[in-house]
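**Q** Numbering (this note's numbering), first residue to last: 8 to 325.
Note that beta-carbon positions come from the ideal geometry of N, C-alpha and C, so glycine has one too.
Predicted, not measured: the structure shown is a model, and the values here were computed from it.
The structure that follows is given in the form of structure tokens.
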């Protein structure tokens with residue numbers, strides 16, 4: 008078997024043209040950017056830009072969103088470089104390009120650093136340096152605070168580290184206005200308080216992976232019963248918090264109604280997680296079906312909530 012065939016997947020990979028191999032390599036580099044995670048990050052950043060008062064030329068606006076996307080991907084690549092040891096022992100991450108041996112760790116690090124610097128510089132030149140500073144802060148927070156410090160040391164990793172994923176709407180807002188105001192901080196807070204129930208729902212049915220990797224996620228350290236309680240508490244905080252844009256006049260009643268209905272569905276979904284049938288040690292008797300459903304719905308919730316915020320601004324001019 009040729010070296011190129013091995014590189015593209017071993018015996019199961021076809022001995023096709025060099026184009027096939029190149030496309031496989033491109034897919035691996037794209038995978039380093041965590042595109043599924045990036046999509047929600049980019050969307051909340053776009054909404055922050057759309058609801059901000061003022062005007063940004065469409066080309067500059069598109070550039071700002073590109074910078075947010077590239078920065079998120081760059082942080083993801085550096086995260087994969089640093090976490091390559093634990094990724095190798097977790098079933099859901101063992102196939103990633105670095106632990107699978109398809110991309111060298113040093114190359115992934117260089118890729119992430121280069122994209123980080125390029126995204127921040129381009130944001131500053133295209134919009135303003137306040138937005139660039141917040142963008143740089145989001146990368147630094149995710150890499151140094153969450154990935155290198157919190158993730159392997161405390162079960163509160165997701166709570167504190169969740170700030171990294173809450174920056175994009177603030178960045179979008181700053182790209183237009185050149186400042187970080189109360190409205191931007193409200194959007195930040197919504198994503199921040201959404202993060203724990205979202206990721207803890209995932210950790211309930213993926214706790215075996217985290218345990219093998221030695222990552223102190225809440226179900227591993229405090230048990231599934233306490234995790235369900237914390238999910239419910241954060242959900243109770245999130246539902247009314249999502250109404251704040253209407254309360255402070257940032258959005259109108261249309262958004263408020265959408266947030267109220269979505270909040271009800273979110274609470275119902277997380278209540279099912281809390282009340283899931285459990286054994287004496289708090290382990291699910293339903294293969295964590297409610298947690299799996301809640302994890303999926305939480306993504307829909309945040310997407311529709313921010314879509315409603317943008318629609319309220321664009322359609323009703325709130």
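Is the beta carbon of residue 239 sitting closer than 9 Å to the one on residue 309?
**A** Not closer than 9 Å, so no.
**Q** Whose CA, out of 265, 204, 216, 172, lies closest to the CA of residue 50?
**A** 172
**Q** Whole alpha helix (DSSP H) runs in the region 124-175 with 4 or more residues, listed along the chain?
**A** 136-147, 164-168
**Q** Say whether the region 188-202 touches the region 108-126, bearing in mind that this needs 3 or more beta-carbon pairs closer than 8 Å, one atom from each stretch.
**A** no
**Q** Taking the continuous alpha helix (DSSP H) assigned at residue 247, which residues delimit it?
**A** 231-248
**Q** If contacts are defined as beta-carbon pairs under 8 Å, then residue 212 and residue 165 qualify, I think. What distance do you get, rounded to the angstrom?
**A** At roughly 15 Å, the Cβ-Cβ gap does not stay under 8 Å, so residue 212 and residue 165 are not in contact.
**Q** Would you mind giving the Cβ-Cβ distance between residue 59 and residue 180, rounded to the nearest angstrom? I have them listed as a contact below 8 Å.
**A** 4 Å
**Q** When the Cα of residue 318 is compared with those of 114, 108, 257, which residue comes out closest?
**A** 257
**Q** What's the gap between the Cα of residue 145 and the Cα of residue 94?
**A** 23 Å
**Q** Considering Cα atoms alone, identify which of 85, 229, 321 is closest to residue 163.
**A** 229
**Q** Taking just the CA atoms, how far does residue 296 sit from residue 271?
**A** Going by C-alpha positions, residue 271 is about 20 Å away from residue 296.
**Q** With 16 as the cutoff for other CB atoms within 10 Å, does residue 92 come out buried or exposed?
**A** Exposed, since its Cβ has fewer than 16 Cβ neighbours within 10 Å.
**Q** Between which two residues does the alpha helix (DSSP H) carrying residue 106 extend?
**A** Looking at the DSSP string, residue 106 is not in any alpha helix (DSSP H), and its letter there is neither H nor E.
**Q** I'd like the list of long-range same chain contacts for residue 74, defined as Cβ closer than 6 Å, with 5 residues on each side in sequence excluded.
**A** 126, 129, 130
**Q** Might you give, ordered along the chain, the residues of its own chain that have their beta carbon closer than 8 Å to the beta carbon of residue 120, omitting 5 neighbours on each side?
**A** 81, 85
**Q** Rounded to a whole number of angstroms, what is the C-alpha to C-alpha distance between residue 138 and residue 33?
**A** 30 Å
**Q** Determine whether the beta carbon atoms of residue 151 and residue 170 lie at a separation below 9 Å.
**A** Contact: no.
**Q** When you compare only the Cα positions, how much space is there between residue 69 and residue 314?
**A** Linking residue 69 to residue 314 through their CA atoms gives a straight-line distance of about 18 Å.
**Q** Quick one, are the C-beta atoms of residue 197 and residue 248 less than 9 Å apart?
**A** yes
**Q** Return the CA-CA distance between residue 52 and residue 287, expressed in angstroms with no decimal places.
**A** 43 Å
**Q** Just grab the DSSP bridge partners of residue 285 for me.
**A** 291
**Q** Residue 55 lies in the alpha helix (DSSP H); which residues open and close that run?
**A** 42-58
**Q** Are there 16 or more other CB atoms within 10 angstroms of the CB of residue 216, so buried, or fewer, so exposed?
**A** Under this definition residue 216 is a buried residue.
**Q** Could you check how far apart the C-beta atoms of residue 141 and residue 56 are, in whole angstroms? I think they sit under 8 Å.
**A** Not confirmed; about 13 Å, so no contact.
**Q** Once you ignore the five residues that flank residue 153 on each side, which residues in its own chain have a CB closer than 6 Å to its CB?
**A** 168, 171
**Q** Taking the alpha helix (DSSP H) that residue 305 falls in, what are its first and last residues?
**A** That run of the alpha helix (DSSP H) goes 296-323.
**Q** Taking the alpha helix (DSSP H) that residue 66 falls in, what are its first and last residues?
**A** 65-89
**Q** Would you kindly work out how many angstroms separate the C-alpha atoms of residue 323 and residue 244, rounded to a whole number?
**A** If you draw a straight line from the Cα of residue 323 to the Cα of residue 244, it comes to about 28 Å.
**Q** If you draw a straight line from the C-alpha of residue 1 to the C-alpha of residue 219, how long is it?
**A** Because the chain spans 8 through 325 in this model, residue 1 falls outside it and cannot be assessed.
**Q** Give the secondary structure of residue 253 by DSSP, where H, G and I count as helix, E and B as strand, and everything else as coil.
**A** helix
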